[in-house]
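Working notes, structure below.
Protein chains in written order, with the UniProt record's numbering: chain A, 1 to 576; chain B, 1 to 576.
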């Protein structure tokens, strides 16, 4: 392909609407254009990257026995009503009516439709396991679409669904997909980490997220400093090791109300009463669709709302507003405490219950209570792990230090169990002729998101640095002047030779200055650049430059193909 | 792949809802399942066929310089309002609102979005021509979806758009696509014919449809008996050669009103007045959004409403109801005639104007007029070709006989001209720095429809007969008994050998009776079946059967791969 013919509209300026690097660079490097908020057209170079990612995914799914199908994007409401998700999914579900007034939605995910399909076609345990997948546009009507392909309203997903006869079968399917995902992201040349994750709204039990590591990642990953241990979790899910800090300090004293004028925050109370923050009980009021909740963690900790949400088994969890706090505690925000608080659910973190002579709010303006001994003084309805774990804490698996990294979630594997098969009465007959619900798993990869994550992980101030495995082209040939006929001929013949040798090569044949071509090549991020200039040619050589580190060497004309192939091979191996 | 693992749920019964062969067979052979009216899930075998068709399309588009992109399915209403199509498209457009109440539609086609894209990115004639395409789901909310994939509401299309600097450039792009389409359908192993077509609602001038020939085809194709001439047209578009039949019969007589009690139809008038039908002027009343219309053809002809619609340049054309006819002509249906008819647009076919002493309705119950000499007696507002051409008439190009065939439209190439670029102010700068609108073409292939058309063209009473080029697998190996271990081993090793030799092979390893396996193999339509039975094995042979004609031969075990390859090659060449 010739740059003169290719639709790759590079931009000099950073587009104002683009907040993150991948959004900026994919726009600037001419990979995509916006059609509406969160909705993009993928231009030729992006489509090449996507095709490569899709090919790798297909190969790895097929290798594990996956069968590719194509389900509808537009799904009848009846299915979603049957599973109960039509009502709970909320405004993120794009809904529409057909000409006869029937309700449909644009699929954000396909559990319902595939469960009904398998229900209709599979009767016997002999036909299991079954792994079905598709690669397709998905839809999510984000309230505030942003970050380009990272959080769009229309995006490409691979979704695979596994159907097994029992939990043991699901374990095997899950493990297959875990391996397949590891292979997919390795083969895409990305640095990533599978982490224990939260199962969120889809339901189910075990789940891992595959995180592409990048400083700009929206998620925090905690992982064990001991590589042999291998523990890694999304921060929202990381298990806390309860510590007994704050349990020292002598015999339990008597509950005493003290005056703490204007002290609302842990910091203020700490200073005023001269107690360490780990001896303060932080009490935060929430509301759910069922009740009000007072959640307690130590003053030096933060509440992990995902853990709290899961512990409460609620649908909605919101921080209480000022009026609610006033009504529930009888005091303004900043003075809540578990003692004497009634008509509210008390949830304590394990660490809180281990405190001795602690401090908490008195549910009264400007007042706190000291000598709180939770085991004696508090009767929580629920004591569990509800706090956020941070780097530096001990690994829950081996006790070594936890380290922190930022990641972008590009894939997730889930054990669904019988959630959908039960809701939709999808059963098969086991060896004894007994009807049993399918035991299901679901496994997603964000394909467009993977492309964006690859950019977030691989760029510098000049542009994208594509991993060679998913680069839109491997090599760009840049003749420094279009006026020198000899030079152009050499460039053209290198271009042809490389393509004939199976190296995906593009030539920048535009009548532009060399500087413009170099800038565009760096911005787009082709892994290898061959520069054909008159100086080099005088010595029978061209310049080979690696985009990743700028390493440049002169290569004799008769060795270009071999030299390029060697470099690409090395780059590919490095990448993994 | 093993049949025991593959999701290919064959059915014994013909599903009640399926009216056409492709719909019946694709359901029965386990290629697809319905998710909602006109909306289907494509199962693994269908997906393999679709993938093959898509690969062929991509190769042929790329060969002509096409660049693949991916545009959104969900399109903002603003674009459609700008082109004017939001209001005229009608109920076939799926419309929806996002959470902020903004209007969107699901793209039935992508002229607006691509024109705006190119408008934003291409400034100079130097960047033209530009050929952009995508393969993607399209949406059309059919009033009555039917015929399975032939007329669905969600379907896969390839759409390419060409952008040129002028008509000469468009001619070249059009020719490129014409060639590409010819290659695509040839390479799919289909018998087809490109025909001159009507440009319909999309607008534009030149257009050809690519018709897969099949008796069940919904369209009538007229083509010249002289292969050298090569004229072929969709019946809706076929040009009429006006004939002067009915112009004999002597000197023009005097207009005379005659009593024709109860004679409403051409047939009744013919008998009652003893005149041949070609001497009767059939007058049909229509309504458009602008006016009432009286259209006239000879009594032995039929009105071609597409031609009439185009001639009237209207948006809506409907047959007038009884009340309207009564109001406009003053008589019940059956007595309309051009003479004395006022306040209505008169449109005459060429042949009508050539009649001498003809008969027409008198706009009065039970009355007709004789001795009508249109050149003398009728002043039509428009005289043009508005009649339906039929087989047996002369070819408009060479005068030879026209023959008739039935066809299924699977592709269409259009010259759009500047319809969209003008409406959306999409211009480039020419050599003189002058802004000019892009001259556009659009080119569609119905991908799912092509699969269905392949079935309509290739089946027998036992099932589908896939052209080898797009068959889901080339060969099925059928061991006649699963109990004979030696036999199973031989079958397995043939299965492995064929796959290793690059032949896409499946093995029916189910513990079913041989008859069930044969029936399923025939129903699915694998081009070649290798039957491994004990009788043959005793002589060191297996049976090789061609699905198309049932031709069977015994092949020595050591020659299976070569024999299969030779058969597939021959089948592939036959197909084209």
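We treat Cβ as the ideally placed atom computed from N, Cα and C, and that holds for glycine.
Please read these numbers as outputs of a predicted model, since none were measured by experiment.
Taking C-beta separations shorter than 8 Å and ignoring five residues to either side along the sequence, the partners of residue 269 of chain B in its chain run 260, 263, 275, 280, 299, 359 and 368, following chain order. Close to residue 144 of chain A, with beta-carbon spacing below 8 Å, lies no residue of chain B; the smallest spacing is near 10 Å. Each residue's CA atom was taken as its position, placing residue 407 of chain A and residue 185 of chain A some 13 Å apart. Residue 389 of chain B and residue 523 of chain A have their C-alpha atoms some 59 Å from each other.
Neighbourhood of residue 120 of chain A in chain B, by CB distance below 9 Å: 9 and 33, in chain order. At least one C-beta of chain A is nearer than 7 Å to the C-beta of residue 67 of chain B. Residue environment: residue 527 of chain A is assigned as buried (16 or more neighbouring CB atoms within 10 Å of its CB, all protein chains considered). Under the three-state reduction of DSSP, residue 71 of chain B is assigned to coil, being neither helix nor strand. Contact annotation, residue 18 of chain A with residue 148 of chain A: C-beta distance approximately 6 Å; criterion of less than 8 Å satisfied. Residue 15 of chain B counts as exposed, since fewer than 16 other C-beta atoms from the protein chains shown sit within 10 angstroms of its C-beta. Per DSSP, the beta bridge partners of residue 105 of chain B are B:75 and B:95. Scanning chain B for C-beta atoms nearer than 7 Å to the C-beta of residue 36 of chain A yields 76, reported in chain order. For residue 123 of chain B, the nearest beta carbon of chain A is not closer than 7 Å to its own beta carbon. In its chain, beyond the 5 residues on either side, 480 have a beta carbon closer than 6 Å to the beta carbon of residue 514 of chain B. In this structure, residue 158 of chain B and residue 447 of chain B form a Cβ contact; the two beta carbons are roughly 6 Å apart against a cut-off of 8 Å.
Taking 8 Å as the upper bound for CB-CB distance, residue 413 of chain A and residue 443 of chain A are in contact here, some 5 Å apart. Annotation: Cβ neighbours of residue 94 of chain B in chain A (cutoff 8 Å, chain order): 74, 96 and 98. When C-alpha distances from residue 546 of chain A are compared across A:535, A:540 and A:566, the shortest belongs to A:566. For residue 519 of chain B, the uninterrupted alpha helix (DSSP H) segment begins and ends at 514–524.
Bridge partners of residue 392 of chain B according to DSSP: none are assigned.
Using a CB distance below 9 Å, no part of the stretch 266–284 of chain A faces chain B. According to the DSSP assignment, residue 510 of chain A belongs to no alpha helix (DSSP H), since it is labelled neither H nor E. Here the alpha carbons of residue 100 of chain A and residue 207 of chain A stand approximately 40 Å from one another. Secondary structure remark: continuous beta strand (DSSP E) runs of at least 3 residues inside the stretch 284–335 of chain A, in chain order: 292–298 and 317–319. The DSSP assignment places complete beta strand (DSSP E) segments of no fewer than 3 residues inside the stretch 368–444 of chain A at 382–384, 402–417, 427–429 and 435–437, in order along the chain. Boundaries of the beta strand (DSSP E) harbouring residue 41 of chain A: 39–42, taken from the DSSP string. In this structure, residue 503 of chain B and residue 568 of chain B form a Cβ contact; the two beta carbons are roughly 7 Å apart against a cut-off of 8 Å. Of the candidates A:90, A:144, A:164 and A:454, A:454 places its Cα closest to the Cα of residue 472 of chain A. If you draw a straight line from the Cα of residue 223 of chain B to the Cα of residue 409 of chain B, it is about 15 Å long. Ranked by Cα distance from residue 38 of chain B, the first of B:104, B:30, B:11 and B:143 is B:143.
At a cut-off of 7 Å between beta carbons, residue 17 of chain B makes no contact with chain A. Going by C-alpha positions, residue 104 of chain B is about 6 Å away from residue 97 of chain B.
In this structure, DSSP gives residue 275 of chain A a state outside helix and strand, which the three-state scheme calls coil.
Contact annotation, residue 71 of chain A with residue 113 of chain A: C-beta distance approximately 5 Å; criterion of less than 8 Å satisfied. One thing to note: residue 132 of chain A has its Cβ no nearer than 7 Å to the Cβ of residue 441 of chain A. With respect to chain B, the C-beta atom of residue 461 of chain A has no partner C-beta closer than 7 Å.
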